[in-house]
Amino acid sequence: MNEVLIQARNLCMSYRTGRERIEVLRGLSLELRRGEAVAIVGPSGSGKSTLLNLLNGLQRPDSGQLRVFGREQADLGEDGWAELRRTRIATLFQDGNLIPTLTVARNIAFRAGLAGLGQHGGQALLERLDIAATAQRYPDQLSGGQRQRAALACAFAMQPQVILADEPTGSLDQATAQRVAPLFFDAIRERAVAALIVTHNAELARRCDRVLELRQGALSPWDSALSS
Ligand SMILES: Nc1ncnc2c1ncn2[C@@H]1O[C@H](COP(=O)(O)OP(=O)(O)O)[C@@H](O)[C@H]1O
Ligand SMILES: [Mg+2]
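In terms of UniProt numbering, the sequence shown opens at residue 1 and continues consecutively.
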């Protein structure tokens with residue numbers, strides 16, 4: 001069995017707004033191993049984005065255990081998490097990760113540079129995603145689907161070991177989504193990265209090693225027969 005990169009046990013997480021307290025995660029457990037792709041499905045508001053932000057350290061759980069790359073989250077501290085986000089854990093947020101004042105090409109170079117990589121193969125990534133022509137454009141000059149693909153290129157340019165992707169094909173049409181999917185699976189195979197992909201795209205989910213459903217604050221194997 002491959003090395004466990006992320007291990008979460010019994011994570012609980014709630015939000016407070018005024019007097020109200022919303023319990024989002026209630027004892028969630030998950031293991032993500034090197035080389036595997038896991039899809040997360042679940043209704044809107046079920047806590048999928050919250051889960052990703054616990055796994056990249058942008059938010060902290062109320063309770064539970066979280067180990068990433070063999071280290072306890074409590075021992076990582078802000079600097080440890082920042083280092084992981086810079087070099088090992090790429091997050092593709094739902095609404096874009098691009099710096100508005102940089103062109104697509106410079107966004108990629110910036111991201112790769114942060115991770116300490118000089119050679120980032122940015123142009124090849126853009127070609128593979130069919131957006132080579134956007135290299136010199138700024139994010140606000142792109143369509144939603146182009147922006148999403150440019151963000152993908154940035155994430156891959158840092159050569160992460162874990163990719164946390166929040167609806168990476170959400171604003172892509174079916175044909176483009178089908179072109180983007182192989183990028184994930186190639187990266188997983190070629191570099192033994194692990195991917196956690198929040199997706200409603202059945203095609204993308206089917207290609208993952210496992211599909212888990214987030215419901216009532218916990219994960220369970222997704223039974224597609226029940227949902228269709
Ligand atoms: N910063 C926040 N403050 C208060 N409630 C939040 C906050 N972020 C998310 N929520 C609530 O937590 C629940 C889970 O949100 P989220 O993780 O974004 O779900 P999903 O990504 O599955 O749609 C939702 O009910 C949402 O309204
Ligand atoms: Mg979300």
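Backbone N, C-alpha and C fix where the C-beta goes; we use that ideal spot for every residue, glycine too.
Fair warning: this is a prediction, and the values are worked out from it, not measured in the lab.
(request) Note down, in chain order, each residue of its chain lying with its Cβ closer than 6 Å to the Cβ of ARG67, except the 5 sequence neighbours on either side. (result) GLN7
(request) Name the residue from CYS154, ALA37 and GLY64 whose alpha carbon lies nearest to the alpha carbon of THR199. (result) Taking only the C-alpha atoms, the option nearest THR199 is ALA37.
(message) Contact defined as beta carbons within less than 8 Å: I believe GLY35 pairs with ALA192. What is the distance between those atoms, to the nearest angstrom?
(response) 5 Å
(request) Rounded to whole angstroms, what's the CA-CA distance from GLN159 to GLY45? Just pull it up for me. (result) 30 Å
(message) Given a cut-off of 8 Å on the beta-carbon distance, is the pair TRP129 and ALA153 in contact?
(response) Strictly speaking, residue 129 in this sequence is Leu, with Trp absent from that position. Contact: yes.
(request) Let me know the secondary structure DSSP gives PRO100 once reduced to three states. (result) Here PRO100 sits in coil by DSSP.
(message) Suppose you measure from the CA of residue 229 to the CA of ILE163; what does that come to, to the nearest Å?
(response) Coverage of the chain is limited to positions 1 through 228, which leaves residue 229 absent and any answer about it impossible.
(message) Considering only the alpha carbon of each residue, which of GLN73, LEU5 and LYS48 lies closest to GLU213?
(response) LYS48
(message) My output table needs one value for LEU183: the three-state DSSP class, helix, strand or coil.
(response) helix
(message) So for CYS208, helix, strand or coil by DSSP?
(response) coil
(request) Reducing DSSP to helix, strand and coil, say where ASP223 ends up. (result) coil
(request) Compute the Euclidean distance between the alpha carbons of GLY57 and TRP81, then round it to the nearest angstrom. (result) A direct Cα-to-Cα measurement between GLY57 and TRP81 gives close to 6 Å.
(request) For my contact list, PRO61 and LEU54 are in at a C-beta cut-off of 8 Å; report their separation, rounded to the angstrom. (result) 5 Å
(request) Take THR134 as the anchor and find which of ARG33, GLY18 and ASN107 has the nearest alpha-carbon. (result) Checking every option, the nearest Cα to that of THR134 belongs to ASN107.
(request) Pair every Cβ in the stretch 164-181 with every Cβ in the stretch 142-151, then say whether three or more of these pairs are closer than 8 Å. (result) Verdict: yes, contact present.
(request) For my contact list, PHE69 and LEU5 are in at a C-beta cut-off of 8 Å; report their separation, rounded to the angstrom. (result) 6 Å
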